[in-house]
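2 protein chains.
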Amino acid sequence: MVRQPAINAQNRAPLSTERIIETALQIVDGQGLSRLTMRRLGDALEVEAMAIYHHLPRGKEQLLDGLVAHVAAAPAAVPAGAADGGWRGALRSWARDYRARLLAHAGVLPLVVTRRNPTALTETVVSLREIMRRGAVTEDAAATAAHTLVGYVIGHCALEVRGTGEDGADRVVDWDARFDAGLDLVLTAAG
Amino acid sequence: MVRQPAINAQNRAPLSTERIIETALQIVDGQGLSRLTMRRLGDALEVEAMAIYHHLPRGKEQLLDGLVAHVAAAPAAVPAGAADGGWRGALRSWARDYRARLLAHAGVLPLVVTRRNPTALTETVVSLREIMRRGAVTEDAAATAAHTLVGYVIGHCALEVRGTGEDGADRVVDWDARFDAGLDLVLTAAG
DNA sequence: ACCTGAACACCGTTCAAGT
DNA sequence: ACCTGAACACCGTTCAAGT
Numbered sequence: 001m002v003r004q005p006a007i008n009a010q011n012r013a014p015l016s017t018e019r020i021i022e023t024a025l026q027i028v029d030g031q032g033l034s035r036l037t038m039r040r041l042g043d044a045l046e047v048e049a050m051a052i053y054h055h056l057p058r059g060k061e062q063l064l065d066g067l068v069a070h071v072a073a074a075p076a077a078v079p080a081g082a083a084d085g086g087w088r089g090a091l092r093s094w095a096r097d098y099r100a101r102l103l104a105h106a107g108v109l110p111l112v113v114t115r116r117n118p119t120a121l122t123e124t125v126v127s128l129r130e131i132m133r134r135g136a137v138t139e140d141a142a143a144t145a146a147h148t149l150v151g152y153v154i155g156h157c158a159l160e161v162r163g164t165g166e167d168g169a170d171r172v173v174d175w176d177a178r179f180d181a182g183l184d185l186v187l188t189a190a191g
Numbered sequence: 001m002v003r004q005p006a007i008n009a010q011n012r013a014p015l016s017t018e019r020i021i022e023t024a025l026q027i028v029d030g031q032g033l034s035r036l037t038m039r040r041l042g043d044a045l046e047v048e049a050m051a052i053y054h055h056l057p058r059g060k061e062q063l064l065d066g067l068v069a070h071v072a073a074a075p076a077a078v079p080a081g082a083a084d085g086g087w088r089g090a091l092r093s094w095a096r097d098y099r100a101r102l103l104a105h106a107g108v109l110p111l112v113v114t115r116r117n118p119t120a121l122t123e124t125v126v127s128l129r130e131i132m133r134r135g136a137v138t139e140d141a142a143a144t145a146a147h148t149l150v151g152y153v154i155g156h157c158a159l160e161v162r163g164t165g166e167d168g169a170d171r172v173v174d175w176d177a178r179f180d181a182g183l184d185l186v187l188t189a190a191g
């Protein structure tokens, strides 16, 4: 048995920014955003809370920014060649994936919505515009449609996690179907 | 001079739920959501923080719910007769007003997005569906379009306050124009 | 370099007490 | 009925100290 450099004297994996962010996301997903505290995060990492500051000098602000970057940065894949469904199909499947991602981490949605984190959503919007530009959509129309699409996806997810309850208590809303229907409206109008 | 029942012995207007909510909104608009604390709110109301609990027994939770209800509950006006622009025009002007409202109170946007507050958005969604039903849109299409529209408006506002910055540092985005353009896409597709 | 421990200035909330 | 004051169990963060 030679030494294992990834394990320190206390037999624990050493702290890393990535492990901190992932553990924080577990807490948010499991217990909600309000239960994410530096002290609890320290406990989950089996470390004193203050150790976190060594990896995230800006403290909790930086932690929350990291969470947003981790879930909101999901660029769309540019379809290889003339893929089936064309650029609309590529945008549709991106939108479905992105929605699934946001709903899986609904606790961070308020952060995604209002944290001023340029890089996180920027890549995503740029990738959407690129897909449309290749689909021969004019630059202006692509810019508008990209914002419309991202706005729709985020906004609809927000409605879903809130539950608008406009059908009374008993009638159930089929959110999957409703999302797809609204997505069709947006994609049909784009370009 | 007869007695002024609205002024108490300490020469202050008595506390009321409405005055509490409005003062809280002023703090959020002026200093941001993170600076809204019960103690600071008490200071602004010239009262001990604990006095607030007499009017809002559920404490800060109830306070935040009140803020959401105050800014997010804005039903659309049903157009009198066959107004100019028809139902699309009514929805368009509602959307513009609603956006202005959300941007004026951007600090509460994260609360609007994720607080489980049925009544606040429910009235709004119902009023939108009602307008479309009168415009001879089928019930299913109206339900979908209402969610699409509200989702778009909220999501777009979220993008605006974040600032996606996808055009680099110098090129400025005309958010007003972009919102209107996206709104046209959604309204054209609806019905 | 990486982590700890004690300390500071805050939080939200309870509860008994005042008027 | 309405508000106060002290107290409790938490926060995020700084800073000197340990290894």
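Those protein sequences? They're chains C and E, same order as listed.
Here the UniProt record's numbering is used: position 40 in the first sequence is 40, and no number is missing along the way.
Here the UniProt record's numbering is used: position 36 in the second sequence is 36, and no number is missing along the way.
Each residue gets a CB set at the ideal place from its N, CA and C atoms; glycine is no exception.
The structure presented is a predicted model; accordingly, all values stated were derived computationally and were not measured.
Alpha-carbon to alpha-carbon, residue j and residue i
| i | j | result |
| --- | --- | --- |
| alanine 141 of chain E | alanine 189 of chain E | 10 Å |
| leucine 128 of chain E | leucine 33 of chain C | 32 Å |
| arginine 133 of chain E | glutamate 123 of chain E | 15 Å |
| histidine 55 of chain C | leucine 15 of chain C | 8 Å |
| glutamine 4 of chain C | alanine 51 of chain C | Reliability fails at glutamine 4 of chain C, whose pLDDT of 40 lies under 50, so the model's placement of it is uncertain and the value that follows must be treated cautiously. The alpha-carbon atoms of glutamine 4 of chain C and alanine 51 of chain C are separated by roughly 22 Å. |
| leucine 159 of chain C | valine 113 of chain E | 7 Å |
| glutamine 26 of chain C | leucine 41 of chain C | 10 Å |
| leucine 64 of chain E | alanine 136 of chain C | 46 Å |
| leucine 121 of chain C | threonine 144 of chain E | 26 Å |
| aspartate 184 of chain E | threonine 119 of chain C | 28 Å |
| glutamate 139 of chain C | glycine 191 of chain C | 10 Å |
| lysine 60 of chain C | tyrosine 53 of chain C | 9 Å |
| glutamine 31 of chain E | arginine 58 of chain E | 24 Å |
| arginine 35 of chain E | alanine 106 of chain E | 14 Å |
| arginine 88 of chain E | glycine 86 of chain C | 31 Å |
| alanine 90 of chain E | alanine 13 of chain C | 60 Å |
| glutamine 62 of chain E | glutamine 62 of chain C | 29 Å |
Check whether residue i and residue j have beta carbons under 7 Å apart
| i | j | result |
| --- | --- | --- |
| valine 125 of chain E | alanine 146 of chain E | yes |
| alanine 24 of chain C | methionine 38 of chain C | no |
| valine 28 of chain E | valine 108 of chain E | yes |
| proline 110 of chain E | proline 110 of chain C | yes |
Residue range of the unbroken alpha helix (DSSP H) whose run includes residue i
| i | result |
| --- | --- |
| leucine 103 of chain C | 86-104 |
| threonine 148 of chain E | 139-162 |
| valine 186 of chain C | 175-189 |
| arginine 19 of chain E | 17-31 |
| residue 225 of chain E | Outside the shown range of chain E (1 to 191) lies residue 225 of chain E, about which nothing can therefore be said. |
| arginine 39 of chain E | 38-44 |
| glutamate 61 of chain E | 59-72 |
Cβ separation of residue i and residue j, assumed to be a contact under 8 Å, to the nearest whole Å
| i | j | result |
| --- | --- | --- |
| arginine 99 of chain C | arginine 116 of chain E | Not really, about 19 Å apart at Cβ, beyond 8 Å. |
| leucine 102 of chain C | cysteine 157 of chain C | 4 Å |
| glycine 155 of chain E | isoleucine 154 of chain C | 4 Å |
Notebook entry, point to check: Any contact of the segment 65-83 of chain E with the segment 71-82 of chain C, i.e. 3+ C-beta pairs under 8 Å?
Noted result: no
Next item on the list: Determine contact between the segment 171-184 of chain C and the segment 178-185 of chain E, defined as no fewer than three beta-carbon pairs at a distance below 8 Å.
Entry: no
Note to self: Can you confirm whether the segment 20-29 of chain C touches the segment 39-47 of chain C when touching is taken to mean that 3 or more C-beta pairs between the two stretches lie within less than 8 Å?
What the structure shows: The answer is yes - the segment 20-29 of chain C touches the segment 39-47 of chain C, with three or more Cβ pairs under 8 Å.
Item checked: the segment 88-103 of chain C contacting the segment 148-162 of chain C, beta-carbon criterion three pairs below 8 Å -> As far as the Cβ criterion goes, the segment 88-103 of chain C touches the segment 148-162 of chain C, which means the pair count is three or higher.
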